[in-house]
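*Asks:* One structure follows; several queries about it will come next.
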Amino acid sequence: MLKYPSEDIIVFAVPKNIAFWKVILKEPEETSYQGKFWVLYVEFDSHYPNYPPNVRFVTNIYNVNISGDGKICHQILGRCWSMQTKMSVIFENILDLLKKPNFDDAISCEKAHLYKESPNDYKREAKDHSNKYAKNDFKTLKDEYRLEDDDNQIDESP
1 MLKYPSEDII VFAVPKNIAF WKVILKEPEE TSYQGKFWVL YVEFDSHYPN
51 YPPNVRFVTN IYNVNISGDG KICHQILGRC WSMQTKMSVI FENILDLLKK
101 PNFDDAISCE KAHLYKESPN DYKREAKDHS NKYAKNDFKT LKDEYRLEDD
151 DNQIDESP
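Structure representation (structure tokens):
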């Protein structure tokens with residue numbers, strides 16, 4: 001298990017496959033997601049680091065920049081990818097999307113339209129999704145996904 005500088009991001013490398021991580025992310029309290037906990041996965045395929053890793057939400061989340069299957073629409077995972085990009089930067093950018101979605105680069109036009117027409121309805125949908133799918137505490141998600149602590153540290157050096 002690795003805690004990034006932010007206590008809101010905890011990474012679990014899968015013991016039998018170091019190229020696959022499970023991540024528990026905690027959203028800050030001041031958002032529609034109410035400080036809930038979410039699970040993501042990170043998969044480093046054979047093209048990494050020339051191409052970005054596949055990062056997706058496992059927990060269903062309501063956000064204009066995240067598809068129904070968890071795909072995250074962010075420049076850092078596409079056209080702005082660099083081989084020097086650290087995972088901590090990716091995670092911080094994902095947290096930023098949750099704090100302040102990018103409505104100009106929406107993956108869901110329907111959600112973006114709802115926000116433009118009725119921001120309060122959009123926020124209510126996000127909050128309802130959060131209450132339905134996210135968890136209130138780290139331990140519940142850790143147990144549900146059978147994530148195990150170990151003392152291995154993940155080195156982000158380029």
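Heads up: the sequence shown is residues 1 to 158, going by full-length UniProt numbering. Quick reminder that beta carbons are idealized off the backbone N, C-alpha and C, glycines included.
1. Kindly indicate the opening and closing residues of the alpha helix (DSSP H) around ARG56.
2. So, helix, strand or coil for ALA19, using DSSP?
3. Can you tell me the Cα-Cα spacing of LYS104 and LYS132, whole angstroms?
4. Can you list, in chain order, the stretches of the beta strand (DSSP E) that have 3 or more residues and sit fully within the region 112-155?
5. Looking at C-beta atoms only, is the number of pairs between the region 112-123 and the region 36-46 that lie closer than 8 Å three or more?
6. How would you write the range of the alpha helix (DSSP H) that GLU92 sits in, first residue to last?
7. CB PHE37 to CB LEU141, shorter than 7 Å?
8. What whole-angstrom Cβ distance do ILE90 and VAL55 have, given they're in contact under 8 Å?
9. Do VAL64 and ALA106 count as a contact pair if the criterion is CB distance below 7 Å?
10. Classify ILE61: buried if its beta carbon has 16 or more other beta carbons within 10 angstroms, exposed otherwise.
*Replies:* In terms of the structure at hand:
1. The residue you call residue 56 lines up with position 56 of the sequence shown. ARG56 -> not in any alpha helix (DSSP H); beta strand (DSSP E) instead, spanning 54-57.
2. Within the sequence shown, the letter at position 19 stands for residue 19. It is a strand residue.
3. Start at 1 with the first residue of the sequence shown, and residue 104 comes out as number 104. Start at 1 with the first residue of the sequence shown, and residue 132 comes out as number 132. According to the sequence shown, residue 104 is Asp rather than Lys. In a straight line, the C-alpha of ASP104 is about 27 Å away from that of LYS132.
4. none
5. no
6. Here residue 92 corresponds to residue number 92 of the sequence shown, with the count starting at 1. Element bounds for GLU92: 87-99.
7. Here the question's residue 37 lines up with position 37 in the sequence shown. Here the question's residue 141 lines up with position 141 in the sequence shown. Yes.
8. As a position in the sequence shown, residue 90 is number 90, starting the count at 1. As a position in the sequence shown, residue 55 is number 55, starting the count at 1. Rounded, the Cβ-Cβ distance is 6 Å, consistent with contact.
9. In the sequence shown, counting from the first residue as 1, residue 106 sits at position 106. In the sequence shown, counting from the first residue as 1, residue 64 sits at position 64. A contact, by the Cβ cut-off of 7 Å.
10. As a working note, residue 61 is residue 61 in the sequence shown. Buried, by the Cβ-count rule.
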